[in-house]
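This report refers to the structure that appears directly beneath it.
What follows is the structure, given as structure tokens:
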């Protein structure tokens, strides 16, 4: 007589996927085994997607760029450049390849991070996605770029900060895994803008004072009056034209934009309210001075790793204040700059500073 | 038949919030294009809802296609990370033909 067994997974998938990033190999393997069994038993697309990075053999972030040839079904795309290949004639391919390379080296040299997951996850990029596609995105496993419609937008591989922004979504997913709605979602977006801007500044060897702090300055066609998609230095000023109006990003909590948690509402305005933490990072970087990827970048990166899926703006501000103490000392210029920056965007840090560590 | 495409989210989310839907009316299309559009709408409507959309991903866009005809109003939705085939074909056609 046949029997049936109901298999329940006591540990929720989101915890198991977090364990895939554990430093302990035995824990990683146990989590992967459990998730694999879950995926096999249930055939869950989402679970398989979540563990895709762990299933991919570590490769020190080896790059593969695929040409979608204007299709949207990624498995049909053609591999056109791999890690050991030289440049090809298609400049979109080369820009994605080079952008991944710069971002990978930036994370390795400045933050000792080996690719997206910290363990050499392969970097997969898809270019020429869809028809007149005005976007670039991270789908949980790979980065995808459109050519733009040629009217308003051009090729999204044209901006190094956009490429780094997408890769940084992967880093966030493998660290804090900030939920993509309301304040955690706006922090998620801001983490990507911060990384995108730092990578561009690092590539150009610009100090915080020299940088333009623009995201996506190259994605508009020449006849569109717009500086960029977003300005971290002055949120709300990236564009102001008759075609699509004025940049709605706020630069202070007093102007936080309440939007519904729906696709139409940008999941609570994740690309809108990111202006607030973006401005805070700009203020920290210029307040401390020098390179954004030095003390400011390290404070933000350590705070990202210490955050969780539901971290709010206030939580993150408090964490940056605590990390500034841990890294540079209580009442250090770095910690004072962090406190002043958050205050300027309307957030008073509430963490009581601990005694200076030696 | 009147077909409207609204685009949400993505890297240009702040701009998409401000832009009106792009609209096509089969009455104003060449007969061949109108026939093609009607066929794509029928296929996407028959396809029904695809698999439940995964949690929103970084910068993935979402789409709402609203169809008004004699039978009433039909709303179809999809996202970059969850595109049922017939919906994807209709979206691709609209993105190539609806310019403003």
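Chains as they are written, first to last, in the working numbering: chain A, 1 to 358; chain B, 1001 to 1100. Think of the CB as a built atom: it goes at the ideal place given N, C-alpha and C, for glycine as much as any other residue.
| task | Please compile the residues from chain A whose C-beta is within a distance smaller than 8 Å of the C-beta of residue 1040 (chain B). | result | Result: empty, since nearest Cβ-Cβ is about 13 Å, beyond 8 Å.
| Beta-carbon spacing of residue 220 (chain A), residue 145 (chain A) below 8 Å | no
| task | Run down chain B in chain order and give the residues with a C-beta less than 7 Å from the C-beta of residue 160 (chain A). | result | Those within 7 Å of residue 160 (chain A) in chain B number zero; the least Cβ separation is about 14 Å.
| query | Terminal residues of the continuous beta strand (DSSP E) containing residue 202 (chain A)? | reply | First-last for residue 202 (chain A): 182-204, but that is the alpha helix (DSSP H), not the beta strand (DSSP E).
| message | Counting only beta-carbon separations shorter than 8 Å, does residue 263 (chain A) have a partner in chain B? | response | yes
| message | In this structure, how does DSSP classify residue 1064 (chain B) when only helix, strand and coil are distinguished? | response | strand
| Is residue 135 (chain A) closer than 8 Å to residue 1012 (chain B) when the C-beta atoms are compared? | yes
| Quick one: which chain B residues come within Cβ less than 8 Å of residue 166 (chain A)? | 1058, 1059
| request: Give me whichever residues DSSP pairs with residue 144 (chain A) in a beta bridge. | output: A:126, A:137
| Taking 8 Å as the CB-CB limit, is residue 42 (chain A) close to chain B? | Confidence at residue 42 (chain A) is low in this model, with a pLDDT of 45, below 50, so the placement of that residue should be treated as unreliable; the coordinate-derived value is given next. Not closer than 8 Å to any Cβ of chain B, the Cβ of residue 42 (chain A) fails to qualify, so no.
| Is it true that the CB of residue 244 (chain A) sits closer than 8 Å to the CB of residue 1015 (chain B)? | yes
| said: For a cutoff of 8 Å on Cβ pairs, would you count residue 1015 (chain B) as touching chain A? | reply: yes
| query | Between residue 271 (chain A) and chain B, is there a C-beta pair that is closer than 8 Å? | reply | yes
| task | Go ahead and pull the three-state DSSP assignment for residue 165 (chain A). | result | helix
| task | Excluding the 5 residues preceding and the 5 following residue 1019 (chain B) in the sequence, name in chain order all residues of the same chain whose CB lies nearer than 8 Å to its CB. | result | 1007
| task | Could you say which of A:276, A:265, A:270, A:226 lies nearest to residue 250 (chain A) if we only look at CA atoms? | result | A:276
| task | Tell me, please, whether the region 202-214 of chain A touches the region 230-240 of chain A by the rule of three or more beta-carbon pairs shorter than 8 Å. | result | yes
| field | Residues bridged to residue 1025 (chain B) (per DSSP) | value | B:1002
| query | Per DSSP, what kind of secondary structure is residue 358 (chain A) in: helix, strand or coil? | reply | Bear in mind that a pLDDT of 34 at residue 358 (chain A), under 50, signals an unreliable position, so the number given afterwards is only what the model happens to contain. Residue 358 (chain A) falls in the coil class under three-state DSSP.
| request: Specify, as a first and last residue, the run of the alpha helix (DSSP H) that residue 284 (chain A) falls within. | output: 275-288
| task | Step through the CB atoms of chain B and report whether any lies within less than 8 Å of the CB of residue 249 (chain A). | result | yes
| said: For chain A, check one thing: does any of its Cβ atoms lie closer than 8 Å to the Cβ of residue 1055 (chain B)? | reply: yes
| query | Between the C-alpha atoms of residue 1023 (chain B) and residue 290 (chain A), what's the straight-line distance to the nearest angstrom? | reply | 50 Å
| query | Apart from the five residues just before and just after residue 344 (chain A), which ones in its own chain have a Cβ nearer than 7 Å to its Cβ? | reply | 283
| task | Would you mind stating whether residue 196 (chain A) and residue 174 (chain A) have Cβ atoms separated by less than 8 Å? | result | no
| field | Distance, residue 1021 (chain B) Cα to residue 296 (chain A) Cα | value | 41 Å
| said: Contact between the region 176-185 of chain A and the region 1030-1043 of chain B is defined here as three or more beta-carbon pairs at a separation below 8 Å; is this criterion met? | reply: no
| Tell me which same chain residues have a C-beta within less than 7 Å of the C-beta of residue 193 (chain A), skipping the five on either side of it? | 165, 215, 230, 232, 274, 278
| message | Can you look up residue 1018 (chain B) in the DSSP assignment and give me helix, strand or coil? | response | coil
| query | Apart from the five residues just before and just after residue 1001 (chain B), which ones in its own chain have a Cβ nearer than 6 Å to its Cβ? | reply | 1026, 1069
| query | Going by beta carbon distance, what residues of the same chain come within less than 7 Å of residue 70 (chain A), once the five residues before and after it are set aside? | reply | 128, 130, 131
| said: If the criterion is Cβ atoms closer than 8 Å, does the pair residue 1081 (chain B) and residue 1049 (chain B) meet it? | reply: no
| said: Taking 7 Å as the limit between beta carbons, can you name the residues of its chain near residue 311 (chain A), skipping five residues before and five after? | reply: 176, 178, 184, 187
| said: With three or more C-beta pairs closer than 8 Å as the rule, is the region 324-340 of chain A touching the region 1060-1075 of chain B? | reply: no
| message | Counting C-beta neighbours from all protein chains within 10 Å, is the total for residue 265 (chain A) 16 or more, i.e. buried, or is it exposed? | response | buried
| said: Taking only three categories from DSSP, how would you classify residue 81 (chain A)? | reply: strand
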